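K.L.:
Residue numbers (my numbering): 120 to 445.
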């Protein structure tokens with residue numbers, strides 16, 4: 120199915136969660152000099168104009184990035200993400216929003232490699248055009264051309280991931296965020312991760328997913344916890360109470376396999392702030408869980424695939440840095 124266009128949803132609360140976590144993952148990877156490969160299985164268009172017909176149809180960005188745009192009290196990790204967004208809007212007006220490929224290009228380094236996959240014909244074309252514009256702008260600023268640092272393929276990211284692992288440098292950050300418009304996407308994510316971990320168990324794998332009423336969504340995170348990764352971390356952001364009809368995206372999550380040790384404390388600092396800034400009603404909250412893979416007798420006691428849940432954060436209408444709900 121190729122009907123999904125992210126331009127209708129760019130900059131919403133789910134994008135805020137996804138992209139500020141992505142920024143932190145890149146910054147962690149940047150701490151070592153060794154190059155790494157960033158793989159984006161569902162890249163979208165790369166950059167989104169928030170004044171476009173698609174973006175203004177429902178104006179989802181108003182209750183996402185728009186709620187953070189004018190704030191001056193941002194926690195440091197969130198300020199790093201907002202600095203990137205502000206950098207592409209030099210006029211001071213929020214007009215453009217970065218997709219994950221642009222985030223990766225801006226935060227990664229010259230020695231790192233980006234492999235971007237997008238199957239939708241229109242978005243794949245726009246993605247390539249946007250990166251040509253990015254390179255042209257860099258040339259105008261006197262920056263050296265990056266050659267084949269960025270490779271864009273109109274292809275299925277699920278099917279393309281296997282061939283890229285393990286990467287030459289033995290370091291990789293993989294982002295998987297399909298639209299989940301069809302139930303099969305949940306299975307494809309799980310199968311792609313299981314195969315990827317078999318080929319390259321030490322990579323960092325980040326999965327965005329919607330938290331919906333449908334069974335596939337409710338069971339998804341628990342299924343990912345049973346994958347053979349050394350550690351996992353799961354964070355969700357809920358901005359409102361689900362409606363009685365079950366429609367609309369009120370909550371989403373980021374599930375990270377082999378997460379950096381720096382990620383959990385950063386989330387504990389930022390998530391209460393996001394609940395306060397983006398929450399729409401008393402149902403707004405966040406959750407953070409983490410776990411480790413266990414084997415042998417311990418696995419027999421807790422079941423296959425990991426330790427029991429370890430909730431480490433929760434807030435409902437929390438104050439900015441309290442981490443406690445009311």
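All C-beta atoms in this analysis are idealised placements derived from N, C-alpha and C, irrespective of residue type, glycine included. What you are looking at is a predicted structure, and each value in this text was computed from that prediction instead of being measured.
1. DSSP has residue 270 in a bridge; who is on the other side?
2. Mapping DSSP to helix, strand and coil, what is residue 303?
3. Residue 147 by DSSP, collapsed to three states: which one?
4. Answer yes or no: do residue 145 and residue 204 have a C-beta to C-beta separation smaller than 9 angstroms?
5. Do the stretch 357–370 and the stretch 323–335 make contact, defined as three or more Cβ pairs closer than 8 angstroms?
6. Quick check: the Cα distance between residue 148 and residue 376, rounded to an integer number of angstroms?
7. Can you tell me whether residue 354 is helix, strand or coil according to DSSP?
8. Tell me whether the stretch 335–342 and the stretch 382–402 touch, counting them as touching only if at least three CB pairs, one residue from each stretch, are closer than 8 angstroms.
9. Helix, strand or coil: how does DSSP classify residue 371 here?
10. Output yes or no for whether 9 angstroms exceeds the beta carbon distance between residue 328 and residue 373.
11. Taking residue 404 as part of the beta strand (DSSP E), name the residues at either end of that continuous run.
12. Could you please give the first and the last residue of the uninterrupted alpha helix (DSSP H) stretch that includes residue 220?
13. At a cut of 8 angstroms, does the stretch 340–348 reach the stretch 278–287 through at least three beta carbon pairs?
14. Is the Cβ-Cβ distance between residue 391 and residue 405 less than 9 angstroms?
15. Can you give the beta carbon distance from residue 323 to residue 234, rounded, assuming they're within the 8 angstroms contact cut?
16. Where DSSP assigns a beta bridge to residue 216, which residues make up the other side?
17. Using the rule of at least 16 other Cβ atoms within 10 Å of the residue's Cβ for burial, across every protein chain shown, is residue 255 buried or exposed?
18. Alpha carbon to alpha carbon, what distance is there between residue 321 and residue 410?
19. Thinking residue 215 and residue 167 are a contact (beta carbons under 8 angstroms), I'd like their distance in whole angstroms, please.
20. Among 185, 248, 348 and 325, which residue has its Cα nearest to the Cα of residue 160?
21. Is residue 129 helix, strand or coil by DSSP?
22. In its own chain, which residues sit with a C-beta less than 6 angstroms from the C-beta of residue 188, not counting the 5 before and 5 after it?
23. In terms of alpha-carbon separation, which member of 186, 370, 355 and 165 lies closest to residue 270?
24. Quick one: give me the first and last residue of the alpha helix (DSSP H) that residue 341 is part of.
25. Have a look at residue 418 and residue 352 and give me their C-alpha separation to the nearest angstrom.
26. Quick one, are the C-beta atoms of residue 217 and residue 389 less than 9 angstroms apart?
27. Starting from residue 156, follow its DSSP beta bridges and name the residues at the other end.
28. Rounded to the nearest angstrom, what separates residue 250 and residue 302 at their Cα positions?
29. Helix, strand or coil for residue 380 per DSSP?
30. Please list, in chain order, all residues of the same chain as residue 420 whose beta carbon is under 6 angstroms from its beta carbon, the five residues on each side excluded.
31. For residue 138, tell me which candidate among 386, 245, 242 and 277 has the shortest Cα-Cα distance.
32. Can you give me the start and stop residues for the alpha helix (DSSP H) that residue 204 sits inside?
P.N.:
Taking the definition as stated:
1. 234
2. helix
3. helix
4. no
5. yes
6. 14 angstroms
7. strand
8. no
9. strand
10. yes
11. 404–411
12. 219–226
13. no
14. yes
15. Their Cβ separation, rounded to whole angstroms, is 15 angstroms, which puts residue 323 and residue 234 out of contact at 8 angstroms.
16. 167
17. exposed
18. 16 angstroms
19. 7 angstroms
20. 325
21. coil
22. 213
23. 165
24. 334–343
25. Caution is warranted here: a pLDDT of 40 is assigned to residue 418, below 50, making its placement in the model unreliable, and the coordinate value is therefore given only provisionally. Each residue's Cα considered, the two are about 19 angstroms apart.
26. no
27. 232 and 291
28. 31 angstroms
29. coil
30. The predicted model places residue 420 with a pLDDT of 40, which falls under 50 and marks its position as unreliable; any figure quoted below should be read in that light. No residues qualify anywhere along the chain.
31. 386
32. 195–206
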